[in-house]
Every structure is written in C-alpha cells, then in structure tokens.
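J.: Would you mind keeping the following structure in view while I ask a few things?
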Amino acid sequence: MDPEIKREIIMENYLHPFNKEVPENKEEYDYINSNNESCIDNLDIYMKVDNNIIKDIKFDGEACAISTSTTSIMIKLFLNKTIDEALTILDNYENMINEKEYDSNILGEALVYDEIYKQQNRKHCALLPWNGIRKLLEKYKNI
Amino acid sequence: MNREDFPMLKNDIIYFDNGATTLKPKCVVDKIVEYYTEYTSNAHRGDYKTSIKVDMEYEGARNIVQDFINAKSREEVIFTSGTTESLNMIANGFFAPLLEAGDEVLITKSEHASNVLPWFRLQNEIGIKVNYIPLDDNHYVTLENVKKVITPNTKVISLAYITNVIGDKRPIKEICELAHQNNIFVVCDAAQAAPHISVDVQDLDVDFLAFSGHKMLGPTGIGVLYGKKELLNSLVPTNFGGGMNESFDDPNSIYLKELPTRLEAGTPNIAGAIGLGEAIKYLESIGMNKIQEYEKSLRSYLINKLIDIKHIDIIDIESDSGVVAFNVEDIFSQDVAVYLDKYNICVRAGNHCAKILKDEVGVKNTCRISLYIYNTKEEIDRLIELLSDKEKIRNEMI
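Top to bottom, those sequences are chains S and Y. Sequential numbering from 4 applies to the first sequence in this note's numbering. Sequential numbering from 36 applies to the second sequence in this note's numbering.
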C-alpha cells in the first residue's frame with residue numbers, strides 16, 4: 004500500500020475514530036480495560052455479542068494515534084462477524100505485526116500497519132486493543 | 036557545559052530525559068571498569084591487597100557521599116539500590132513497627148509512585164491514614180497548607196524535595212522545623228534534587244533522605260538512604276545475611292553489626308558505589324551552585340521560547356528546576372515524543388509515575404523535558420524549531 008494512503012487511513016481513524024463512545028446500555032456489553040504497561044495508552048473496550056455474532060463494539064480512553072486508529076479499524080472489521088471469524092482475523096493481524104505469515108485478504112484497512120514492526124515501540128500500540136479483545140472473544144470460545 | 040566528557044553525546048542525540056536517568060561522563064565509566072579490571076575483590080573480606088583496595092574505594096565512596104550531603108557521620112550513609120529501595124526501607128523498616136492504626140502520614144498528589152505506594156501499603160496493612168497536603172494554584176506546597184492539615188495524629192510528612200513533573204522545589208527546611216515542633220518525622224525524596232542543587236541534611240534537619248546515583252551521572256542500581264543515626268539505629272533491616280551480622284548460634288542469639296553495615300546485607304553493589312563516588316566528585320568539580328545556575332538559565336531560555344508557541348500548553352511556567360512538562364494542543368503526548376525521536380531528541384511522555392497528579396492538574400499525560408549540565412541553548416533552539424510547526428508534528432508523528 005502506498006505510504007501516503009496508509010497515513011491518510013491512520014489519521015482518518017485517529018481523528019475520527021469509529022464508535023469512540025461509552026455505550027448507553029453498558030450492562031449489555033462485555034467490558035475490558037486494555038492498557039499498555041510500556042507506555043501510557045489506556046483503552047476501555049465494550050463488546051456486545053448476540054447468538055455468537057458480534058453486534059457492537061465501542062471504546063473510550065486516552066491513547067496515541069496508532070492505538071486509537073487500530074481500535075477504530077478493528078471495530079469496523081469485527082462488526083457482524085462470528086466469534087471464530089473475529090479470532091481468525093485477530094490471529095492473522097497479530098502474525099502480521101510480529102512479522103509472521105498472514106492472510107492479507109482478510110485484514111482490510113488493518114493492512115496499514117504491515118510495516119509497524121520497523122518501529123519497535125509502536126508495536127505495543129498496534130496490538131493494544133487486539134490483546135484486550137482477544138480476552139473477551141476467548142470467553143465465548145470456551146462456552 | 037563539559038559536553039566532551041560524555042561519550043553518549045557523540046551519538047548525535049539531544050538528550051532531554053534527565054529526570055529519568057542521566058548520561059555518564061567517561062571518568063565514571065572508567066572508574067567502574069577499573070574496579071572490574073584492576074582490583075576485583077569483595078568488600079570487608081580478605082587480607083590481600085586488592086581486597087583492601089576495594090574497602091578503601093567502597094568506604095571512600097561513603098565518605099564522598101557524606102561530604103556531599105553534609106551528614107554528621109559516615110554511619111548515616113547507607114548504600115541501597117536506589118531511591119525506591121531507600122524509601123521502602125524507611126517505610127517498612129522504621130515506620131511500620133512504629134506507627135499504629137489511626138496515625139497519619141502526609142504526602143501530596145504530585146509525589147512519585149515510590150513515595151506513595153509504600154505508604155498506601157502501610158495504610159492497608161496497619162491502618163495508618165495517608166492524607167494529602169493541598170497544593171496551591173501553581174501546584175506548589177506552602178508552609179501554610181502544611182499547617183492546615185497537621186493534626187495530633189500526624190506522625191510523618193514525606194515529600195519530594197523537587198517534584199518530577201511540576202519541578203517545584205519544596206520548603207523542606209521550614210517544613211522540618213514546623214514538623215519537629217509537632218513531633219512529626221520528615222522523609223525527603225531527593226531523587227530529583229540531589230543531582231541539581233546543593234543538599235545539606237544538617238541544615239535541612241531532615242530525618243530521612245533518599246536519592247539515586249543514576250540520576251546524577253552515576254551508574255544504575257546504586258542509591259543512598261540517609262537517616263539520623265539515632266533513627267537508623269532502630270531501623271529493622273529488610274535483608275538479613277552475610278556482612279551485617281556479628282554472630283549467631285541459634286534464633287535467640289543473633290547479634291547484628293553497627294551502622295552502616297547492619298543495613299547492607301550481602302555483597303554490596305561495589306562498582307556502583309565507587310562509580311557514584313566518582314560521579315559526585317565530578318559534580319563537585321563543577322560546583323553544585325554553578326550547576327543550579329546553569330540549569331536555571333537554560334530553563335528560562337526554554338520557557339521564553341515555548342511560551343510564544345500558541346499550540347503549546349506549559350504545565351508550570353514558574354518553577355525554577357530544569358523540569359518542563361507540556362502538551363501540544365490536540366496531539367497525544369506519546370505521538371509528540373515519537374515525532375521528536377525521529378530527530379534524535381529524547382523526551383519522556385506519560386504520567387511520569389505520578390499517577391495521582393492528574394487530580395491536581397487535570398491532565399493525565401504530558402511530554403517532559405528535563406535538563407542537565409550538558410544541554411545547550413542550541414539544543415533548545417532545535418527543539419523549538421521542531422515544536423513550532425504543528426502541521427509538521429501531525430504529518431510526521433506516525
């Protein structure tokens with residue numbers, strides 16, 4: 004992907020993040036706080052699942068451009084996916100960040116982070132919301 | 036000043052994170068290497084030449100520290116791993132056995148975690164109460180505000196001499212005087228002070244004081260616990276073991292050595308202590324007053340330039356230390372730090388371990404510049420040039 008397009012997608016999702024709000028009916032959502040021990044990002048993530056389908060995800064908190072934008076992109080990718088589909092996307096995204104083999108066809112806009120490994124300190128930011136949501140998804144996996 | 040003494044500066048970096056740790060002059064590195072290559076031995080042990088040399092150097096470092104803070108005796112200088120360990124030893128070894136449920140410890144919301152959490156722990160474990168001295172509009176501590184919150188139950192006031200985000204210097208001497216009139220102990224976290232200003236424990240009349248070597252040109256893993264001798268004598272050691280005992284046969288007959296070794300169980304950080312001694316000698320060769328003056332002039336140069344940049348919010352304009360915390364409007368502090376790193380400028384972004392400060396200043400995270408002797412006006416000019424263009428920051432931060 005052209006670096007300028009990558010930049011635009013990241014900035015768009017940072018400046019106008021998708022679903023960055025606390026849900027009104029919080030009790031209907033699973034919740035997790037994801038913070039990065041090596042830096043200062045701090046995200047609250049809310050996920051609503053109905054009949055094994057991810058119906059809604061919202062988030063709030065203070066985070067850098069990379070963490071915020073990847074949360075926004077992640078949410079768009081996950082909406083209306085099954086738990087298994089979301090976990091597959093997540094596994095491939097993690098592989099991409101960690102320089103392993105991955106399926107680029109299912110990562111959509113998240114491909115903008117395919118070279119983030121070049122900035123070691125930003126890898127944590129790029130993984131932050133994904134690490135959090137994995138814990139929420141795996142709860143359903145075990146039901 | 037003295038830039039040629041610092042090998043790290045040859046790497047073409049602008050280092051503005053001195054509140055976190057400082058660069059090391061070559062003489063300190065050489066002194067440590069000398070221990071590892073010329074006279075490696077343990078301390079307080081052998082009767083052979085290199086071991087005797089180690090004792091001279093290690094105990095010599097203690098004398099250097101004693102002079103540096105003007106302690107009454109060398110027994111009042113305990114080597115620790117750093118400020119954190121020193122403060123924990125004070126809280127757990129001296130105050131935990133002494134304090135009772137209902138006793139109060141006064142701190143502020145701008146303290147570093149290491150001067151908060153040991154007290155929180157005592158609150159949870161023995162039921163003391165941690166209270167806060169209110170800060171004034173500039174987030175400073177005033178004697179008046181200390182007076183307001185002292186109660187008959189107040190037993191300890193524990194404060195940073197200079198804080199690590201606001202950078203204000205507290206009136207420790209006056210606070211000690213007031214505290215002692217009320218039979219209150221004073222603990223001073225001097226981690227951000229000892230590297231930058233002259234510290235005189237007798238003049239301050241402080242009961243305990245802690246600082247770290249690595250923030251003052253010394254190596255990591257070495258620090259100092261100062262305490263008045265009569266108080267240190269009743270500080271219960273955290274560590275029991277070799278070097279600190281005189282004799283033992285069974286649990287009922289343990290005899291400990293005198294200060295300072297009683298509180299330094301196990302093989303000490305010999306290289307660290309010797310390196311710290313050398314760092315202090317280096318600082319003293321410049322002169323602490325000259326260092327303070329130089330940092331003040333750098334700070335006012337920086338502030339005068341920063342203040343003209345519309346999109347920059349400075350947390351505290353007036354304090355006279357080398358710490359300047361700021362934010363760029365609408366840009367997360369970490370993104371600013373990553374942007375500056377692209378130009379080899381090192382600044383810290385985050386909450387700087389002062390996690391309850393947000394209640395006071397209303398800002399959770401900031402970028403922090405902390406200056407030291409090797410920083411220059413030219414470096415500040417470069418920083419200002421890079422910060423003055425907000426669009427450039429936004430374009431280059433990712």
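Don't be surprised by glycine CBs; every beta carbon is placed ideally from N, CA and C. Please read these numbers as outputs of a predicted model, since none were measured by experiment.
1) How big is the Cα-Cα spacing for residue 70 of chain S and residue 427 of chain Y?
2) What did DSSP end up calling residue 101 of chain S once you bin it into helix, strand or coil?
3) Residue 135 of chain S: which of S/12, S/5, S/105 and S/35 sits nearest, CA to CA?
4) Check residue 50 of chain S in the structure and name its three-state DSSP category.
5) Report, in whole angstroms, the separation of the C-beta atoms of residue 221 of chain Y and residue 235 of chain Y, which I expect to be a contact under 8 Å.
6) Does residue 10 of chain Y come within less than 8 Å of chain S when only Cβ atoms are used?
7) Smallest Cα separation from residue 202 of chain Y: which of Y/218, Y/326 and Y/350?
8) Buried or exposed: residue 64 of chain S, going by 16 or more other Cβ atoms within 10 Å of its Cβ?
9) Considering only the alpha carbon of each residue, which of Y/409, Y/373, Y/104 and Y/195 lies closest to residue 37 of chain Y?
10) So which residues of chain Y does residue 65 of chain S contact, with C-beta pairs closer than 8 Å?
11) If we ignore side chains and look at the alpha-carbon of each, how far apart do residue 299 of chain Y and residue 417 of chain Y end up?
12) Just how far apart, CA to CA, sit residue 313 of chain Y and residue 307 of chain Y?
13) Considering only the alpha carbon of each residue, which of Y/365, Y/367 and Y/336 lies closest to residue 352 of chain Y?
14) Please report how far the alpha carbon of residue 47 of chain S lies from the alpha carbon of residue 62 of chain S, in whole angstroms.
15) So what does residue 62 of chain Y bridge to, in DSSP terms?
16) With 8 Å as the threshold, decide whether the Cβ of residue 137 of chain S is near any Cβ in chain Y.
17) So the candidates are Y/135, Y/380, Y/282 and Y/126; which of them puts its Cα closest to the Cα of residue 53 of chain Y?
18) Distance cutoff 8 Å, beta carbons only. Does residue 68 of chain S sit that close to anything in chain Y?
19) In this structure, does DSSP put residue 430 of chain Y in helix, strand or coil?
20) Pick from Y/75, Y/99 and Y/112: whose alpha carbon is nearest that of residue 265 of chain Y?
21) Please specify which runs of the alpha helix (DSSP H), each continuous and at least 4 residues long, are wholly inside the region 137-181 of chain Y, giving them in chain order.
22) Please report the distance separating the alpha-carbon of residue 290 of chain Y from that of residue 283 of chain Y.
23) Just to confirm before moving on: does the CB-CB distance between residue 369 of chain Y and residue 43 of chain S stay below 8 Å?
24) Quick one: Cα of residue 88 of chain S to Cα of residue 305 of chain Y, how far?
25) Going along chain S in order, which residues have a C-beta closer than 7 Å to the C-beta of residue 124 of chain Y?
26) Taking only beta-carbon atoms, is residue 142 of chain Y less than 8 Å away from chain S?
27) Cβ closer than 9 Å: which chain S residues qualify as neighbours of residue 279 of chain Y?
28) With a threshold of 16 other CB atoms inside 10 Å of the CB of residue 4 of chain S, please say whether the residue is buried or exposed.
29) Compute the Euclidean distance between the alpha carbons of residue 339 of chain Y and residue 199 of chain Y, then round it to the nearest angstrom.
30) Smallest Cα separation from residue 127 of chain S: which of S/53, S/97 and S/144?
31) Which one of Y/155, Y/174 and Y/172 has the shortest CA to CA distance from residue 166 of chain Y?
32) Quick one: complete alpha helix (DSSP H) runs, 4+ long, within the region 333-412 of chain Y?
33) Give the interface partners of residue 52 of chain Y over in chain S, defined as CB-CB distance under 8 Å, in chain order.
34) For the beta strand (DSSP E) that residue 64 of chain S lies in, which residues bound it at each end?
35) To the nearest angstrom, report how far apart residue 137 of chain Y and residue 188 of chain Y are at their CA atoms.
36) Residue 245 of chain Y lies in the beta strand (DSSP E); which residues open and close that run?
T.: With the given structure in hand:
1) CA-to-CA, the gap between residue 70 of chain S and residue 427 of chain Y works out to about 20 Å.
2) coil
3) S/35
4) strand
5) About 14 Å separates the CB atoms of residue 221 of chain Y and residue 235 of chain Y; that is not less than 8 Å, and the two are not in contact.
6) Residue 10 of chain Y is absent from the structure shown; chain Y starts at 36 and stops at 433.
7) Y/350
8) Residue environment: residue 64 of chain S is assigned as buried (16 or more neighbouring CB atoms within 10 Å of its CB, all protein chains considered).
9) For residue 37 of chain Y, the closest C-alpha among the options Y/409, Y/373, Y/104 and Y/195 is that of Y/409.
10) 367, 399 and 400
11) 45 Å
12) 10 Å
13) Y/336
14) 5 Å
15) Under DSSP, no beta-bridge partner is assigned to residue 62 of chain Y.
16) No, residue 137 of chain S lies away from the interface with chain Y (no Cβ there is under 8 Å from its Cβ).
17) Y/380
18) Contact of residue 68 of chain S with chain Y is assigned, a C-beta pair being separated by under 8 Å.
19) helix
20) Y/112
21) 152-161
22) 6 Å
23) yes
24) In a straight line, the C-alpha of residue 88 of chain S is about 57 Å away from that of residue 305 of chain Y.
25) None at all; the shortest Cβ gap to chain S is about 26 Å.
26) no
27) None at all; the shortest Cβ gap to chain S is about 35 Å.
28) exposed
29) 21 Å
30) S/97
31) Y/155
32) 368-376 and 393-396
33) Result: empty, since nearest Cβ-Cβ is about 14 Å, beyond 8 Å.
34) 56-65
35) 7 Å
36) Residue 245 of chain Y -> beta strand (DSSP E) spans 243-247.
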